[in-house]
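2 protein chains.
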Amino acid sequence: MPVKVRIALDAMGGDFGPSVIVPGAAISLGRHPDAEFLLFGDSALIEKELAAHPALKKVSRVIHTDVAVSMHDKPSQALRRGRKVSSMWLAIEAVKKGEADVAVSAGNTGALMAMARFCLRTLPGIDRPAIAATWPTVRGDSVVLDLGATIGGDAAHLKALAVMGAAMASVLFDLERPTVGLLNIGVEEIKGGEEIREAAELLRAMQSPRFEFVGFVEGDGIGKGAADVIVSEGFSGNIALKAAEGTARQISEYLKAAMSRTWRSKIGYLFARDAFKALKDKMDPNKSNGGVFLGLNGIVVKSHGGTSADGFAYAVDVGYDMVRYDLLTKINQTLNREAGALVSTPTAQEAVS
Amino acid sequence: MPVKVRIALDAMGGDFGPSVIVPGAAISLGRHPDAEFLLFGDSALIEKELAAHPALKKVSRVIHTDVAVSMHDKPSQALRRGRKVSSMWLAIEAVKKGEADVAVSAGNTGALMAMARFCLRTLPGIDRPAIAATWPTVRGDSVVLDLGATIGGDAAHLKALAVMGAAMASVLFDLERPTVGLLNIGVEEIKGGEEIREAAELLRAMQSPRFEFVGFVEGDGIGKGAADVIVSEGFSGNIALKAAEGTARQISEYLKAAMSRTWRSKIGYLFARDAFKALKDKMDPNKSNGGVFLGLNGIVVKSHGGTSADGFAYAVDVGYDMVRYDLLTKINQTLNREAGALVSTPTAQEAVS
Numbered sequence: 615m616p617v618k619v620r621i622a623l624d625a626m627g628g629d630f631g632p633s634v635i636v637p638g639a640a641i642s643l644g645r646h647p648d649a650e651f652l653l654f655g656d657s658a659l660i661e662k663e664l665a666a667h668p669a670l671k672k673v674s675r676v677i678h679t680d681v682a683v684s685m686h687d688k689p690s691q692a693l694r695r696g697r698k699v700s701s702m703w704l705a706i707e708a709v710k711k712g713e714a715d716v717a718v719s720a721g722n723t724g725a726l727m728a729m730a731r732f733c734l735r736t737l738p739g740i741d742r743p744a745i746a747a748t749w750p751t752v753r754g755d756s757v758v759l760d761l762g763a764t765i766g767g768d769a770a771h772l773k774a775l776a777v778m779g780a781a782m783a784s785v786l787f788d789l790e791r792p793t794v795g796l797l798n799i800g801v802e803e804i805k806g807g808e809e810i811r812e813a814a815e816l817l818r819a820m821q822s823p824r825f826e827f828v829g830f831v832e833g834d835g836i837g838k839g840a841a842d843v844i845v846s847e848g849f850s851g852n853i854a855l856k857a858a859e860g861t862a863r864q865i866s867e868y869l870k871a872a873m874s875r876t877w878r879s880k881i882g883y884l885f886a887r888d889a890f891k892a893l894k895d896k897m898d899p900n901k902s903n904g905g906v907f908l909g910l911n912g913i914v915v916k917s918h919g920g921t922s923a924d925g926f927a928y929a930v931d932v933g934y935d936m937v938r939y940d941l942l943t944k945i946n947q948t949l950n951r952e953a954g955a956l957v958s959t960p961t962a963q964e965a966v967s
Numbered sequence: 615m616p617v618k619v620r621i622a623l624d625a626m627g628g629d630f631g632p633s634v635i636v637p638g639a640a641i642s643l644g645r646h647p648d649a650e651f652l653l654f655g656d657s658a659l660i661e662k663e664l665a666a667h668p669a670l671k672k673v674s675r676v677i678h679t680d681v682a683v684s685m686h687d688k689p690s691q692a693l694r695r696g697r698k699v700s701s702m703w704l705a706i707e708a709v710k711k712g713e714a715d716v717a718v719s720a721g722n723t724g725a726l727m728a729m730a731r732f733c734l735r736t737l738p739g740i741d742r743p744a745i746a747a748t749w750p751t752v753r754g755d756s757v758v759l760d761l762g763a764t765i766g767g768d769a770a771h772l773k774a775l776a777v778m779g780a781a782m783a784s785v786l787f788d789l790e791r792p793t794v795g796l797l798n799i800g801v802e803e804i805k806g807g808e809e810i811r812e813a814a815e816l817l818r819a820m821q822s823p824r825f826e827f828v829g830f831v832e833g834d835g836i837g838k839g840a841a842d843v844i845v846s847e848g849f850s851g852n853i854a855l856k857a858a859e860g861t862a863r864q865i866s867e868y869l870k871a872a873m874s875r876t877w878r879s880k881i882g883y884l885f886a887r888d889a890f891k892a893l894k895d896k897m898d899p900n901k902s903n904g905g906v907f908l909g910l911n912g913i914v915v916k917s918h919g920g921t922s923a924d925g926f927a928y929a930v931d932v933g934y935d936m937v938r939y940d941l942l943t944k945i946n947q948t949l950n951r952e953a954g955a956l957v958s959t960p961t962a963q964e965a966v967s
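Written out as structure tokens, the structure is:
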């Protein structure tokens, strides 16, 4: 474990660049004094922001580049124009070179994933990377993946997602054996879904000491906290996340409208202001900021592009935790054990049939 | 258009059978005095409930059967045991025989879909049926389909869903040319999703006078009311619906807890009670009850199994509207027009390329 956690930041990523990235890093540093930073981007802009944050400035190094990937670049464009020169690429490359332990960017997801994959390559035993994030539930947080890195996938892919998600949950929530569920639909299937049923068999057969497989979870089970880790291929995972976010926003709007409609409700709001503040904090999407790219030879964290400094700080926190509690080692340990376990799969399958 | 709307009810369906189905029908009859009912199931139980609802009794006929499909029967079991004899089957068969215009059941979805499909068969031009329902949005309601009848599907399937969903939206919301969007993910795709892109091209090329195709909609666009009709294959559609329902329930719990935590918030709640009631009404899942099976030679409506009489009444309302405003004819008109349009597809595609 490194003495310091070294965090590479794409200072030009996101809708606001250094004016959010730098103060965000400063907030996170306040929570993690043993962090240090590499800031990639327009040095004039970065230094201007750093001037207001002397504690951060003391533990940061600025590496200048003129090239920034735009929020609208397609992955192929971003790679063509930004490879080896953009702030995004350089932050990722710092991880590859061992100069940083994790890269954090609020830049566009497609470009970041393409560059991360191209630069870091996937782990042995992993074909395709995933994006994972925490999801607030009534029981505490859960890890949900894949949120859109890869569309579709067979049973082996879903199993790899389970292994990686379990490692992330054990790191984030300090659980020895997190529970893992497969996202599925409750309706009796007329056709399809074989890969999910097959994945369930694989996961049951693993009898992993690192996680407990609890079977299928429906869409409304995520918010109930039905499992510490919810596994889905990337299309449905993304749809679930966005549908939930959309519903939360919709209800906030209803609530706001309802509380300002009559003088009685306005008075009620004044009395219950603290309760509403607590509710707002609980529903704060900033706190779930920080999608972790899993399955690569290095850790990359993606922040929402439109986030505030507070929100970006949460993404930096996530990156910090992944390094401090050794996510990559945990994933690799399970994958290596699995490489052995796969040989004895027939026996394992007999055990559950 | 029939003078009366004749509604066949599976009186034994759902968690509570006739004790919810009969009062539910009575509530709906109050809103639609030109409805009449066929009630299939245990005649002793049904008659007992009818005694309390003389207006309903006057326009109902009870057809006795001892056999009821259980909420836990698999579709194959239900067909084997319940074909030709169960209350569920007989309600559907009444539609086939022309004795009823629509069948409504709160029985289990898989069994109901299997029986409906077996008994009514799919419409010409439709390979696989779908389940559609309304989804409350900040702009009013939208129709979302497929909610889980069919997993996966190619571009032609998605196009058929669009045609059927548009017909349903035009009937339910009285729109001449509802907008239609395809559910998709925003993240730049690394692999997959071809069928959705292809479906977008097909829908654009149609230039249908019956709906306006507005492109892709992300998961959080549903609640924003980004389109009157949201089209998805059944797996993701089901996940989206359940994730949204789960989030709504989760926030209700938070809100309830927040409002009862301190004396200040309790006083606030008392003042704002009407506002909270309005909010609760707005979020009432009962009002979205009633999934419509589309793509069959007849209309079947599925109610939630655990619903109340109020909730079941909404499902009956949906069935009533579908008949009164001639859903099947509208779907068939578009499909027939399409059968012609398909011949000239090359020209249509040139028009947009």
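If you're matching them up, the sequences are chains L and F in order.
For this note's numbering, add 614 to where a residue sits in the first sequence, where the first one is 1.
For this note's numbering, add 614 to where a residue sits in the second sequence, where the first one is 1.
Note that beta-carbon positions come from the ideal geometry of N, C-alpha and C, so glycine has one too.
Distance from the Cα of glycine 721(L) is smallest, within the candidate group Gly766(L), Asp629(L) and Tyr928(L), for Asp629(L). For lysine 916(L), the pairing in a beta bridge is given by DSSP as Ser719(L) and Gly905(L).
In the DSSP annotation of this structure, the continuous segment of the alpha helix (DSSP H) that includes threonine 861(F) starts and ends at 848-873. Residues of the region 808-836 of chain F that bring their beta carbon within less than 8 Å of a beta carbon in chain L comprise Glu832, Gly833, Asp834, Gly835 and Ile836, in sequence order. Those residues of the region 844-864 of chain L placed with their C-beta closer than 8 Å to a C-beta in chain F are Ser846, Gly848, Phe849, Ser850, Asn852, Ile853, Ala854, Leu855, Lys856, Ala857, Ala858, Glu859, Gly860, Thr861, Ala862, Arg863 and Gln864, ordered along the chain. DSSP, reduced to helix, strand and coil, places valine 831(F) within a strand of the structure shown. Within 7 Å of the CB of leucine 893(L), the CB atoms of chain F belong to Tyr868, Leu869 and Ala872, in sequence order along the chain. Within the DSSP secondary-structure output, histidine 667(F) pairs in no beta bridge.
Each of Phe830(F), Ile677(F) and Thr793(F) was checked against the Cα of isoleucine 810(F), and the nearest Cα belongs to Phe830(F). In terms of CA proximity to asparagine 798(F), Gly851(L) leads the group Leu789(L), Gly851(L) and Phe825(L). Looking at the backbone, the Cα of tyrosine 928(L) and that of serine 902(L) are separated by about 8 Å.
For the options Asp624(L), Glu650(L) and Ile635(L), the alpha carbon positioned closest to that of arginine 938(L) is the one of Glu650(L).
In the DSSP assignment, glutamate 826(L) forms a beta bridge with Thr793(L).
Apart from the 5 residues on each side of it in sequence, leucine 789(F) sits with its Cβ closer than 7 Å to the Cβ of Ala783 and Asp842 in its chain, given in chain order. Tyrosine 928(L) does not reach chain F, its nearest Cβ partner there being about 19 Å away, counting only Cβ pairs nearer than 8 Å.
Lysine 896(F) has a beta carbon lying within less than 8 Å of a beta carbon in chain L. Residues of chain F whose Cβ lies closer than 7 Å to the Cβ of valine 752(L) are, in chain order, Gln864 and Glu867. Chain-order list of chain F residues neighbouring serine 756(L): empty, with the shortest C-beta distance near 12 Å, by a criterion of under 7 Å. Inclusion of glycine 837(F) and phenylalanine 885(L) in the CB contact set at 8 Å is not warranted, their separation being larger than that value. Between leucine 855(L) and leucine 759(L), the C-beta spacing is not below 8 Å.
Threonine 751(F) and glycine 839(F) have their C-alpha atoms spaced approximately 5 Å apart. Between glutamate 713(F) and alanine 640(F), the alpha-carbon positions lie close to 20 Å from each other. Here the C-alpha atom of glycine 905(L) lies approximately 20 Å from the C-alpha atom of arginine 863(L). Isoleucine 660(F) has its alpha-carbon roughly 7 Å from the corresponding atom of valine 636(F).
Spanning the alpha carbons of valine 709(F) and leucine 737(F) requires a straight line of approximately 14 Å. Collapsing the DSSP output to three states places histidine 771(L) in a helix.
Just so you know, the alpha carbons of alanine 658(L) and valine 634(L) end up roughly 15 Å apart. Only residues of its own chain outside the window of five on either side were considered, and among them Ala781, Ser784 and Val785 have a CB closer than 7 Å to the CB of lysine 944(F), listed in chain order.
Note that the region 863-872 of chain F does not touch the region 810-825 of chain F; fewer than 3 beta-carbon pairs, one per stretch, sit closer than 8 Å.
In this model, aspartate 715(F) and valine 617(F) are separated by some 11 Å (Cα to Cα). Of all residues in the region 724-745 of chain L, only Gly724, Ala725, Met727, Ala728, Arg731, Arg742, Pro743 and Ile745 come within less than 9 Å of chain F when Cβ atoms are compared, listed by chain position.
Distance check between leucine 653(L) and each of Thr764(L), Trp749(L), Trp703(L) and Arg645(L) places Trp703(L) closest, using alpha-carbon atoms only.
Taking 8 Å as the cut-off, the Cβ atoms of alanine 682(L) and alanine 728(L) do not count as close. Below the 9 Å Cβ cutoff, chain L contributes Ala886, Asp888 and Ala889 as neighbours of threonine 876(F), in chain order. Contact between alanine 813(L) and alanine 747(L) does not hold, since their C-beta atoms are separated by about 21 Å, which reaches or exceeds 8 Å. Counting only residues of its own chain and dropping the five nearest sequence neighbours on each side, valine 828(F) has a CB closer than 7 Å to the CB of Thr793, Val794, Gly795 and Ala841.
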